Amino acid sequence: MADNIARVFAGAIAPDPTRPLLTWYDDATGERTELSGATLANWVAKTANLLVDGAALGPGDTAAVLLPPHWQTAGVLLGCWSAGLAVAREPGPVGALFATADRAGEADAWPADERYALGLHPFALPLPQVPPGFADYVVEVRTHGDQFTPYAPAGPGEPELIARAVERAAELGIAPGDRVLIDTAAYPDPLDWLLAPLTATASTVLCANLDPARLPARAETEKVTRTLP
Numbered sequence: 024m025a026d027n028i029a030r031v032f033a034g035a036i037a038p039d040p041t042r043p044l045l046t047w048y049d050d051a052t053g054e055r056t057e058l059s060g061a062t063l064a065n066w067v068a069k070t071a072n073l074l075v076d077g078a079a080l081g082p083g084d085t086a087a088v089l090l091p092p093h094w095q096t097a098g099v100l101l102g103c104w105s106a107g108l109a110v111a112r113e114p115g116p117v118g119a120l121f122a123t124a125d126r127a128g129e130a131d132a133w134p135a136d137e138r139y140a141l142g143l144h145p146f147a148l149p150l151p152q153v154p155p156g157f158a159d160y161v162v163e164v165r166t167h168g169d170q171f172t173p174y175a176p177a178g179p180g181e182p183e184l185i186a187r188a189v190e191r192a193a194e195l196g197i198a199p200g201d202r203v204l205i206d207t208a209a210y211p212d213p214l215d216w217l218l219a220p221l222t223a224t225a226s227t228v229l230c231a232n233l234d235p236a237r238l239p240a241r242a243e244t245e246k247v248t249r250t251l252p
């Protein structure tokens with residue numbers, strides 16, 4: 024198993040970067056967004072470049088990610104780990120803060136020099152109104168390059184996080200090559216919806232506001248092999 028998360032991600036997409044890696048549904052809005060491994064890798068690289076070149080952050084620094092399960096959240100988290108940043112789990116000072124606009128009021132608990140707000144718009148459009156003290160993530164990230172060479176050393180806690188993800192994949196019955204349907208309400212932790220599938224080289228159909236009546240047709244359309252209970 025790879026010793027850092029960037030290598031786990033690279034290994035997950037290496038067999039076929041064009042295959043769907045993460046497909047996002049929101050049954051409240053009707054949104055469906057499909058990302059291949061290559062497309063998600065572009066978002067990851069842009070986020071890492073934003074942190075390194077734009078914010079002068081890197082190994083030894085920490086980010087806070089106050090975001091729900093979402094395809095953009097995957098890009099942010101993987102970008103942070105690629106840039107060598109640790110992702111904080113408890114409030115405190117951080118190098119960068121990523122938050123949805125409606126959680127901008129929590130910023131005082133996470134003092135940060137760099138603050139990025141996300142609207143999680145279906146087409147990754149800019150925010151109509153950016154919270155004071157924040158920059159619009161999708162505006163800032165688009166100006167950065169879509170190639171990034173991840174830092175080789177594992178960040179603090181990364182080997183342990185990978186080991187936990189491998190254990191979770193086994194507990195959840197996620198096997199290599201699976202196409203896993205995941206309800207964000209039941210599995211909000213990125214350990215479950217992001218890292219466990221990646222360590223198993225599985226792809227994910229991530230569903231918010233899941234309508235159970237749509238499950239049978241969606242499972243067939245998306246060629247789902249595993250639906251998490």
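If you count by this note's numbering, then the sequence shown holds residues 24 to 252, one letter each, in order. C-beta atoms are modelled at their ideal positions from N, C-alpha and C, and glycine is treated no differently. For clarity, every value in this text was computed on a predicted model and none was experimentally measured.
Whether residue i touches residue j by CB criterion (9 angstroms)
| i | j | result |
| --- | --- | --- |
| Thr-314 | Pro-92 | Residue 314 falls outside the range modelled here, since the chain spans only 24 to 252, and no answer is possible. |
| Leu-58 | Trp-94 | yes |
| Pro-182 | Asn-27 | yes |
| Leu-229 | Leu-45 | yes |
| Ala-106 | Leu-74 | yes |
| Leu-195 | Ala-242 | no |
| Val-110 | Ala-87 | yes |
| Arg-249 | Arg-191 | no |
| Ala-119 | Leu-80 | yes |
| Pro-116 | Thr-96 | no |
| Asp-125 | Tyr-139 | no |
Among the options, the one whose alpha carbon lies nearest that of residue i
| i | options | result |
| --- | --- | --- |
| Glu-137 | Pro-213, Ala-127, Phe-146 and Leu-148 | Ala-127 |
| Ala-223 | Trp-47, Leu-214 and Leu-108 | Leu-214 |
| Val-189 | Pro-151, Trp-216, Ala-97 and Pro-211 | Trp-216 |
| Asn-232 | Ala-51, Ile-36 and Val-31 | Ala-51 |
| Pro-82 | Asn-65, Leu-251 and Gly-178 | Gly-178 |
| Asp-212 | Arg-187, Gln-152, Thr-56 and Leu-120 | Arg-187 |
| Ala-209 | Tyr-48, Pro-134 and Pro-252 | Pro-252 |
| Gly-168 | Pro-134, Asp-49, Leu-184 and Gly-102 | Gly-102 |
| Arg-112 | Val-153, Tyr-139, Leu-184 and Gly-77 | Leu-184 |
| Ile-36 | Lys-246, Pro-235, Pro-199 and Asp-206 | Pro-199 |
| Arg-30 | Thr-56, Ala-193 and Pro-176 | Pro-176 |
| Gly-180 | Leu-108, Gly-156, Asp-76 and Pro-155 | Leu-108 |
| Gly-34 | Val-247, Pro-154, Asp-49 and Ala-225 | Ala-225 |
| Thr-227 | Ala-240, Glu-245, Asp-234 and Pro-235 | Glu-245 |
Bridge partner(s) assigned by DSSP for residue i
| i | result |
| --- | --- |
| Pro-43 | Ser-59 |
| Glu-54 | Asp-49 |
| Thr-123 | Leu-141 |
| Ala-109 | Thr-85 |
Decide if the stretch 50-68 is in contact with the stretch 30-41; the criterion is three or more beta carbon pairs, one per stretch, under 8 angstroms apart. Yes: at least three Cβ pairs fall under 8 angstroms.
Any contact between the stretch 66-81 and the stretch 149-167? By contact I mean 3 or more CB pairs, one from each, below 8 angstroms. Touching, per the Cβ criterion.
Should the stretch 143-150 be regarded as contacting the stretch 169-176, the criterion being three or more beta carbon pairs within less than 8 angstroms? In short, these stretches do not touch, since the Cβ pair count stays below three.
Runs of 4 residues minimum, wholly inside the stretch 59-107: which ones carry the alpha helix (DSSP H) assignment? List check, alpha helix (DSSP H) in window: 60-72 and 94-105.
Report the start-end ranges of each alpha helix (DSSP H) in the stretch 137-209 that is 4 residues or longer and not cut off at the edges. Whole alpha helix (DSSP H) segments, 4+ residues: 160-164 and 181-194.
Quick check for students: name the residue ranges of the beta strand (DSSP E) that lie wholly in the stretch 201-250, counting only runs of 3 or more. With a minimum length of 3 residues, the continuous beta strand (DSSP E) runs that stay inside the stretch 201-250 are 202-206 and 226-231.
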